[in-house]
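Trainee:
Protein chains: 2
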Amino acid sequence: MALVVQKYGGTSVGSIERIHRVADRVAQTQREGHRIVVVLSAMSGETDRLVKMAYEATQAPDEREMDMLLSTGERITIALLAMELRGRGLNARSYTGRQVGIITDNAHTKARIARVSADRIREAIDEGVIPVVAGFQGINERSDVTTLGRGGSDLSAVALAAALKADRCIIFTDVDGVYTADPNIVPAAKRIERISYEEMLEMASLGAKVLQTRSVEFAAKFGVPVEVNSSFKEGKGTLVTKEDADMEAVAVAGVTGDRNQAKITIVGVPDKPGVAAQIFGTVAKSHINVDMIIQNISHTAMTDLSFTVPRADLKKAVPIIEAVAKDIDAKSVEVVESIAKVSLIGVGMRSHSGVAAQMFDVLSHEGINIMMISTSEIKISCVIEEKYLELAMRALHTAFGLDREQ
Amino acid sequence: MALVVQKYGGTSVGSIERIHRVADRVAQTQREGHRIVVVLSAMSGETDRLVKMAYEATQAPDEREMDMLLSTGERITIALLAMELRGRGLNARSYTGRQVGIITDNAHTKARIARVSADRIREAIDEGVIPVVAGFQGINERSDVTTLGRGGSDLSAVALAAALKADRCIIFTDVDGVYTADPNIVPAAKRIERISYEEMLEMASLGAKVLQTRSVEFAAKFGVPVEVNSSFKEGKGTLVTKEDADMEAVAVAGVTGDRNQAKITIVGVPDKPGVAAQIFGTVAKSHINVDMIIQNISHTAMTDLSFTVPRADLKKAVPIIEAVAKDIDAKSVEVVESIAKVSLIGVGMRSHSGVAAQMFDVLSHEGINIMMISTSEIKISCVIEEKYLELAMRALHTAFGLDREQ
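Protein sequences, first through last, are from chains S and A. So the first sequence is numbered by the numbering used here: it starts at 28 and just counts up by one. So the second sequence is numbered by the numbering used here: it starts at 28 and just counts up by one.
Structure representation (structure tokens):
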């Protein structure tokens, strides 16, 4: 008799009709002989409704109050599902983040989980209760409600699964798993059956927004097997789990594309110690995340420094960079918005040599110029002109054998 | 520097625009040098929206889950008001029923307050915080959310005022006070400046639905001065407080009318011990509240027994009464729906004699037949034909000097 944590996202509980279907699946899982803990998000649209009201009330809503407001969304869905399950004769009970003992730090609207006591929910499970838990929320040491940031319900589910030593944490969402590439861009993309935590983290941070990044980190830390599956159709999903020999046998697990970056180049940077620190120190103080940094080898006393920032931060970044450029006597600042980053991800890269060379070759063969390169143990990324992104992804997907059924 | 608890009902916080006006009033009260605790209801309509969803989810929603669901309404309004006040630079903070220590029994959806610890809110006030508290809710000893039943936010406000030994508890609502009669029926009705707890209880239970009955009982028990006032206009309200000499100087404080009763007569009841107990025991078991009971003096072995029940329960009551009547060998059961109860209320009745006689005289003078009479220390009620209710109320209002300015 396995213990399974099932998490349903906002679209999966977006209406009473959909909550009926969640109830069906919970009932089915129990009939199959499993013990279940359900974690729910707010109905899709509810959070937006509440945020809109907050900004009608005041221009810059206080974050503690925002958490008080937003945490109501999940309380509504857990109550509705619990009462529906009880109406069907199942012994379900709703629990808030506080009631299951999710204790966080004090960073309202983006709190981090400090610990999960889970005593009450453990007792409930032992008594045969199906706990229906509000995701996305906890309390801090002062007993104030906190929320875990966007996608925080995934984290709630994984953290509970870890605390309860659950056999599996299933994240039900509107897709049936993690794909070798975005199927909207690469029609030949295939669902991945098993993927390692590390690969999933790279996929997620590069824009395959299936699982919240922190929830994957948490799952990796505590070794929680996480399955991503569809709440709208039956079938297999993707299992995110510990790396194994099968995964290493494949050089590349997936191809991702990211259009959310822009490239800034500071031209004619005096090549002396401390300059890079000055530039990136200033940028960091403005809370802008720099992703890739390339410094050309300098043959003179001058060098060019290129880096990428989130495109959404570009407007904020440019005047800051221009001021720094002036301070350090650089020549000029150039901005290119229409870039994209294409990446190959796979734990197999550690043992397969020549992946990078083959990637450059494939891009070159398609006539795509590489503007920046960065590599890690399990990832190679190239910045290219945005207009070539789809072509690059499809060509790489084919070249690395991902078009074939796994 | 007085400590004031201000409670705003659902219509007073029914929109963001109205929450702005509540914020105005709170700010104004603080400028006047008072310390304030705010207690809020859910936005009007929100509770209905949630109840509707519950009944869409399942036919008979579980009461614990209903409380989890309904308690979200107040959390939304307290967060919105607190963030608006903070946006204006006031040090406001929202608190749930749990956070202010409202501990109730376990009767979900109609819980009774067992105790109020109020430690956290007391600390907050000492630190200069304006606490904005969710009305209508508490937690039981198991730390599950409970709600206090219809009008429960009034009770939250009064209970907090008692625990904090506040100087006054002001209930802001859509009327500016308690009137000598319903102004829709008696145009000459005047706002009462001061009324005793006992009188208020009689007024409330007889249909002047300004304050929830239990909140008045609670205020009386702990001697909390409660003011009823309008959240939509400036001006004086009605102070509900301890009885004093001024109140006793007036024989009648107000006139009320109640159309929600129906009269049942069991004709030909054998006049022997235990029969009344059998009848009313059966009725009580069906959770039907009997109000007035009249048994005619019997000159034979038979008597007639009349009593009133809430008109809404009549359908349920009649078959039960008919069965009992058959069991005890009574002759027949007669039902009159079109009755009404007109009542005079006033602590002055204790010292003023002849109030009852004058009441009967006034009704008689208007040609109104009295069907039943009941009296208590501070109230006289007559059941009359429903069609005469307005006439009776106006005539009594004039006869007892209530048309004059106080």
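Note that the Cβ used here is the ideal one computed from N, Cα and C, for glycine as well.
Between S359 (chain S) and the rest of its own chain, which residues show a CB-CB distance below 6 Å, the 5 nearest in sequence each way excluded?
Mentor: Cβ neighbours of S359 (chain S) beyond the five flanking positions: V294.
Trainee: My parser needs the alpha helix (DSSP H) runs of 4 or more residues fully inside the stretch 206–272 of chain A; what are they?
Mentor: 224–232, 240–249, all fully within the stretch 206–272 of chain A.
Trainee: Can you find a CB in chain S that lies within less than 8 Å of the CB of E154 (chain A)?
Mentor: Output row for E154 (chain A): interface = no.
Trainee: In the DSSP assignment, find the alpha helix (DSSP H) that holds Q55 (chain A) and state where it starts and stops.
Mentor: 43–58 is the extent of the alpha helix (DSSP H) around Q55 (chain A).
Trainee: If you count every other CB in all the chains shown that lies within 10 Å of the CB of R434 (chain A), and 16 or more means buried, which is it?
Mentor: Within the shown structure, residues of chain A are numbered from 28 to 433, placing residue 434 (chain A) beyond reach of any answer.
Trainee: Against Q126 (chain A), what residues of chain S qualify as contacts under a CB-to-CB distance less than 7 Å, listed in chain order?
Mentor: Neighbours of Q126 (chain A) on chain S, chain order: S170.
Trainee: Could you check whether the stretch 235–254 of chain S touches the stretch 327–340 of chain S, counting it as contact only if at least three pairs of C-beta atoms, one from each stretch, sit closer than 8 Å?
Mentor: Because the criterion of three Cβ pairs below 8 Å is not met, the stretch 235–254 of chain S and the stretch 327–340 of chain S do not touch.
Trainee: May I have a chain-ordered list of the beta strand (DSSP E) segments no shorter than 3 residues that lie completely inside the stretch 129–185 of chain A?
Mentor: Counting whole runs of 3 or more residues, the stretch 129–185 of chain A contains the beta strand (DSSP E) stretches 129–131, 140–143, 157–161, 164–166, 172–174.
Trainee: Can you list, in chain order, the residues of the stretch 108–122 of chain S whose Cβ is nearer than 7 Å to any Cβ on chain A?
Mentor: Listed by position along the chain: A109, M110, E111, R113, G114, S121.
Trainee: Please compile the residues from chain A whose C-beta is within a distance smaller than 9 Å of the C-beta of T136 (chain S).
Mentor: Within 9 Å Cβ-Cβ: nothing; T136 (chain S) doesn't reach chain A, min ~12 Å.
Trainee: Note the first and the last residue of the continuous alpha helix (DSSP H) segment covering M28 (chain S).
Mentor: Looking at the DSSP string, M28 (chain S) is not in any alpha helix (DSSP H), and its letter there is neither H nor E.
Trainee: Can you list, in chain order, the residues of the stretch 77–89 of chain A whose Cβ is nearer than 8 Å to any Cβ on chain S?
Mentor: Cβ contacts with chain S: L77, M80, A81, E83, A84, T85, Q86, A87, P88, D89.
Trainee: Compare the C-alpha of E361 (chain S) against each of S:A289, S:T402, S:T309 and name the closest.
Mentor: Minimum Cα distance to E361 (chain S) is reached at S:A289.
Trainee: Output, in chain order, the set of chain S residues within a Cβ distance shorter than 8 Å of L96 (chain A).
Mentor: Chain S residues near L96 (chain A): R102, I103, A106, L107, M110.
Trainee: Give me the Cα-Cα distance between D89 (chain S) and T99 (chain A), rounded to the nearest whole angstrom.
Mentor: Straight-line Cα distance between these residues: approximately 19 Å.
Trainee: Say whether chain A places a C-beta atom closer than 8 Å to the C-beta of M230 (chain S).
Mentor: With 8 Å as the cut-off, M230 (chain S) does not count as an interface residue toward chain A.
Trainee: Count the other CB atoms, across all protein chains shown, that sit within 10 Å of the CB of F249 (chain S); report buried if there are 16 or more and exposed otherwise.
Mentor: By the 10 Å Cβ count, F249 (chain S) comes out exposed.
Trainee: Could you please tell me which residues of the stretch 37–48 of chain S, in chain order, have their CB closer than 7 Å to any CB of chain A?
Mentor: So the list reads I43, I46, given in the order they occur along the chain.
Trainee: Can you confirm whether T99 (chain A), when its beta carbon is compared against all beta carbons of chain S, has any partner nearer than 8 Å?
Mentor: So, interface residue.
Trainee: Can you give me the C-alpha to C-alpha distance between L341 (chain S) and M319 (chain S), rounded to a whole angstrom?
Mentor: Roughly 15 Å between the two C-alpha positions.
Trainee: Could you tell me which whole beta strand (DSSP E) segments of length 3 or greater appear in the stretch 339–398 of chain A?
Mentor: 359–363, 366–372, all fully within the stretch 339–398 of chain A.
Trainee: Can you tell me where the alpha helix (DSSP H) with T104 (chain S) in it begins and where it stops?
Mentor: Taken as a continuous stretch (DSSP letters only), the alpha helix (DSSP H) holding T104 (chain S) covers 99–114.
Trainee: Out of S:G178, S:V282, S:R286, state which residue places its alpha-carbon closest to the alpha-carbon of K236 (chain S).
Mentor: Nearest C-alpha to K236 (chain S): S:G178.
Trainee: Examine the Cβ distances between the stretch 162–169 of chain S and the stretch 188–206 of chain S and report whether three or more of them are shorter than 8 Å.
Mentor: Because the criterion of three Cβ pairs below 8 Å is not met, the stretch 162–169 of chain S and the stretch 188–206 of chain S do not touch.
Trainee: Take the Cβ of G284 (chain S) as the centre, count every other Cβ of all protein chains shown within 10 Å, and call the residue buried at 16 or more, exposed below.
Mentor: Under this definition G284 (chain S) is a buried residue.
Trainee: Give the straight-line distance between the Cα atoms of M329 (chain A) and A188 (chain A), rounded to the nearest whole angstrom.
Mentor: M329 (chain A) and A188 (chain A): Cα-Cα distance of roughly 54 Å.
Trainee: Check the DSSP bridge columns for T309 (chain A) and list the partner residues they point to.
Mentor: Answer is none; T309 (chain A) lacks a bridge partner.
Trainee: Measuring only the C-alpha atoms, how far is E413 (chain S) from D388 (chain S)?
Mentor: Spanning the two alpha carbons is a distance of roughly 19 Å.
Trainee: Are the Cβ atoms of L108 (chain S) and V185 (chain S) separated by less than 8 Å?
Mentor: No, the pair does not count as a contact, with Cβ atoms beyond the cut-off.
Trainee: Between the beta-carbon of V382 (chain S) and the beta-carbon of I411 (chain S), is there less than 8 Å?
Mentor: No. Outside cutoff.
Trainee: Locate the beta strand (DSSP E) running through A280 (chain A), then write down its first and last residues.
Mentor: Element bounds for A280 (chain A): n/a, residue is neither H nor E.
Trainee: How would you call Q305 (chain S), buried or exposed, if buried means at least 16 neighbouring beta carbons within 10 angstroms?
Mentor: So Q305 (chain S) ends up on the exposed side.
Trainee: On the DSSP letters alone, give me the boundaries of the beta strand (DSSP E) that R195 (chain A) sits inside.
Mentor: Element bounds for R195 (chain A): 195–200.
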